[in-house]
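Novice: Okay, here's the structure, questions in a sec.
Residue numbers (the numbering used here): 17 to 683.
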């Protein structure tokens with residue numbers, strides 16, 4: 017079996033549906049996270065239990081794991097439905113549930129592993145240690161942490177696996193601590209229905225009413241890219257590397273998963289003490305290019321400290337890769353010079369450019385015609401009612417990018433990866449015939465026997481080589497021959513090809529059955545007794561307590577006063593609707609710390625508030641300079657509050673923990 021002293025690492029890929037999850041496994045994922053029928057933080061990406069069971073069956077062939085997201089906060093009237101779904105998922109073979117709501121820990125759950133969602137806001141060693149001690153086996157750390165903070169958490173968390181986002185969209189708020197969507201639209205990010213208010217353009221003004229930035233997407237961040245930091249993250253204690261993207265399409269998941277699989281394999285090749293939790297090696301028909309996928313530009317965020325260029329302030333859209341420059345504009349078409357004969361423009365490509373106001377413009381290609389050298393005539397595919405003259409600021413000299421490459425998409429629409437588990441093949445002569453043994457890379461083996469006469473080979477010089485070649489042909493199975501050995505007692509023997517092929521097929525089936533029997537479900541962690549004390553004795557609305565079971569959980573762990581979740585619609589007035597490590601002042605070079613001669617704050621430097629305006633919505637930016645955080649302050653719209661209060665629902669209300677008196681019987 018595998019050496020238990022190895023350091024196990026896991027590549028965790030997203031799946032919008034089971035078919036995408038299967039391709040994520042084929043392209044190198046050691047685990048896949050996917051939404052179930054309900055209670056997931058992406059309400060537009062649900063999946064039926066039967067489809068998840070199909071994904072589980074495929075993943076487990078490679079010892080890959082399936083984690084299902086049940087990471088919304090729950091009302092009291094939803095708890096029993098969540099409990100029933102957890103049991104259904106367990107019976108379907110799911111390996112773990114990713115959760116936010118602590119009320120789930122008070123229910124009669126199956127013996128399934130629990131992972132703490134990033135929505136639980138894990139930023140400190142104390143919080144991480146608490147979650148480990150109450151029974152979480154894996155936890156997704158806050159994206160805002162730097163390497164030193166991760167190391168500090170690792171020192172306190174010895175038993176739970178630390179997980180970290182390495183790629184994809186960044187939520188500007190500390191996850192679980194953003195309520196702007198709910199306040200402005202009634203759509204709760206903590207309930208899986210974020211309206212992405214952070215991607216809107218805002219006008220920024222100072223305390224004197226002066227415009228600091230006009231219609232800029234100042235809360236919109238570039239996308240996370242930790243490609244260069246994987247080894248540093250491993251050394252800091254990260255063992256699960258998570259790709260964001262449960263809304264992403266098949267091509268994106270294939271591409272990005274293959275990219276990180278390639279990087280991690282290269283690291284493990286140099287460092288034999290590291291090994292993947294999944295089995296098998298992948299080969300690809302394409303060279304991964306993550307920049308081809310939707311992205312807003314890349315940043316490694318705070319992993320190596322605060323940087324000024326983390327924002328995607330000009331546009332939250334995907335600008336694409338540089339393609340060329342416009343050289344002529346006609347009345348119905350334009351000409352583009354790519355400057356590179358390798359760059360081919362395809363019908364159906366999507367082109368983008370920046371207009372004079374700094375806004376991203378774009379149009380699909382209807383017909384692309386090469387006209388000599390590196391020049392192309394482009395006939396755009398105009399939308400209904402649109403004329404060529406409506407294409408804004410399309411002039412000679414304009415730089416053009418491509419954010420959809422049809423050739424690339426066609427390439428990834430085809431089968432594009434194979435994942436094979438290495439096996440050692442041994443054909444031995446036994447008294448009554450032959451025995452074929454397959455032993456996989458983990459040490460699991462299976463043997464099958466074929467009674468058959470020992471017939472001497474007619475061509476002894478070629479017999480062994482031909483037999484080895486036949487045994488190595490494992491075809492479209494999940495296995496590939498690493499070594500083939502013949503254990504014969506004397507001269508080369510003959511075995512008809514039909515018999516040899518049947519023997520090989522039987523051995524493959526036996527090995528699959530042996531691997532299935534050897535597969536072990538992940539164990540559920542046992543909570544500490546007596547119950548571990550929570551790091552604080554008071555919780556505000558920021559803790560997202562939305563039901564009496566969650567309140568009972570925190571009370572049992574020593575919390576004295578427990579506030580209700582923002583979604584409970586209590587009259588909170590103006591409060592921080594978002595808390596973020598991103599600082600608009602810093603990104604606009606207006607932070608007092610950036611002033612010449614300022615060497616430290618120690619609570620003495622205070623930045624004046626700024627105001628954000630979008631339409632009728634106004635938000636106030638307040639700056640807590642000592643921890644270097646920004647609070648986006650506002651109130652719930654009155655019309656939204658009125659509409660939400662009219663909905664029939666039950667939810668937890670603010671009260672001292674001692675007065676929370678839930679039903680003592682499990683739901």
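The beta carbon of each residue, even a glycine, is placed where N, CA and C say it ideally should be.
(1) Give me the residue from 647, 637, 658, 652 with the minimum Cα distance to residue 223.
(2) With a 10 Å radius around its C-beta and 16 neighbouring C-beta atoms as the bar for buried, classify residue 26 as buried or exposed.
(3) Please state whether the Cβ-Cβ distance between residue 340 and residue 352 is less than 7 Å.
(4) Mark residue 136 as exposed unless 16 or more other C-beta atoms lie within 10 angstroms of its C-beta, in which case mark it buried.
(5) Tell me the rounded alpha-carbon separation between residue 605 and residue 65.
(6) I'd like to check one pair, residue 52 with residue 101: are the Cβ atoms closer than 7 Å?
(7) If you measure between the beta carbons of residue 80 and residue 41, is that distance less than 7 Å?
(8) Suppose you measure from the CA of residue 483 to the CA of residue 282; what does that come to, to the nearest Å?
(9) By a C-beta neighbour count over all protein chains shown, 10 Å radius and 16 as the cutoff for buried, is residue 193 buried or exposed?
(10) Quick check: the segment 264-281 against the segment 305-312, are there 3 or more CB pairs under 8 Å?
(11) Do you know offhand how far residue 301's Cα is from residue 294's?
(12) With residue 151 and residue 543 assumed to form a contact (beta carbons below 8 Å), what rounded beta-carbon distance in angstroms separates them?
(13) Per DSSP, residue 641 forms a beta bridge with which residues?
(14) At 4 residues or longer, what runs of the alpha helix (DSSP H) sit wholly inside the segment 468-503?
(15) With a threshold of 16 other CB atoms inside 10 Å of the CB of residue 325, please say whether the residue is buried or exposed.
(16) Given this structure, state the Cα-to-Cα distance separating residue 705 from residue 601, to the nearest angstrom.
(17) At which residues does the alpha helix (DSSP H) containing residue 141 begin and terminate?
(18) Assign residue 618 to buried or exposed, taking buried as 16 or more other Cβ atoms, counted over all protein chains shown, within 10 Å of its Cβ.
(19) What is the rounded straight-line gap between the Cα of residue 585 and the Cα of residue 559?
(20) Within the same chain, show all residues whose beta-carbon is closer than 6 Å to that of residue 67, passing over the 5 residues directly before and after it, in chain order.
(21) I need the boundaries of the beta strand (DSSP E) containing residue 393, first residue and last residue.
(22) Of the choices 185, 186, 210, whose alpha-carbon is the least far from that of residue 197?
(23) Does at least one heavy atom of the ligand PLP sit under 6 Å from the Cβ of residue 257?
(24) Could you tell me whether the segment 385-402 touches the segment 424-441, using the rule of 3 or more Cβ pairs below 8 Å?
(25) Counting along the chain, where does the beta strand (DSSP E) carrying residue 131 start and finish?
(26) If you compare alpha carbons, which of 89, 46, 43 is closest to residue 567?
(27) Can you give me the Cβ contacts of residue 72 inside the same chain, cut-off strictly under 7 Å, excluding the 5 residues immediately before and after it?
(28) Taking residue 657 as the reference, give the member of 555, 589, 409, 634 with the closest Cα.
(29) Less than 7 Å between the beta carbons of residue 521 and residue 460, yes or no?
(30) Which residues bound the beta strand (DSSP E) around residue 49?
(31) Suppose the cutoff is 7 Å on Cβ atoms and the five residues either side in sequence are ignored; what does the same chain contact list for residue 314 look like?
(32) Can you tell me which of the three DSSP states residue 454 falls into?
(33) To the nearest angstrom, how far is it from the Cα of residue 329 to the Cα of residue 537?
(34) What's the C-alpha gap between residue 24 and residue 290?
(35) Using three-state DSSP, classify residue 565 as helix, strand or coil.
(36) Across which residues does DSSP place residue 449 in a beta bridge pair?
Specialist: Looking at the coordinates:
(1) Out of 647, 637, 658, 652, 637 has the C-alpha closest to the C-alpha of residue 223.
(2) Counting every other CB atom within 10 Å of its CB across the protein chains shown gives residue 26 a total of 16 or more, marking it as buried.
(3) Going by C-beta atoms, residue 340 is nearer than 7 Å to residue 352.
(4) buried
(5) 50 Å
(6) yes
(7) yes
(8) 34 Å
(9) So residue 193 counts as buried.
(10) Counting Cβ pairs under 8 Å, three or more are found: they touch.
(11) 21 Å
(12) Confirmed, Cβ separation roughly 4 Å.
(13) In DSSP, residue 641 forms no bridge with anything.
(14) 476-488
(15) exposed
(16) The structure shown has nothing for residue 705, since the chain only spans 17 to 683.
(17) 141-149
(18) Interpretation of residue 618 is limited by its pLDDT of 45, a score under 50 that renders its predicted location unreliable; the figure taken from the coordinates is listed afterwards. The residue is exposed, with fewer than 16 neighbouring Cβ atoms inside 10 Å.
(19) 14 Å
(20) Same-chain partners within the cutoff: 34.
(21) 391-396 is the extent of the beta strand (DSSP E) around residue 393.
(22) 210
(23) No copy of the ligand PLP appears in this structure; indeed no ligand is present at all.
(24) no
(25) 129-132
(26) 89
(27) For residue 72, where only same-chain residues beyond five positions count, the Cβ hits under 7 Å are 82, 108, 109, 110.
(28) 589
(29) Contact: no.
(30) 47-51
(31) Only 238, 239, 241 meet the Cβ criterion.
(32) It is a strand residue.
(33) 45 Å
(34) Their backbone Cα atoms lie some 6 Å apart in a straight line.
(35) Looking at residue 565 - three-state DSSP - the assignment turns out to be helix.
(36) 446, 467
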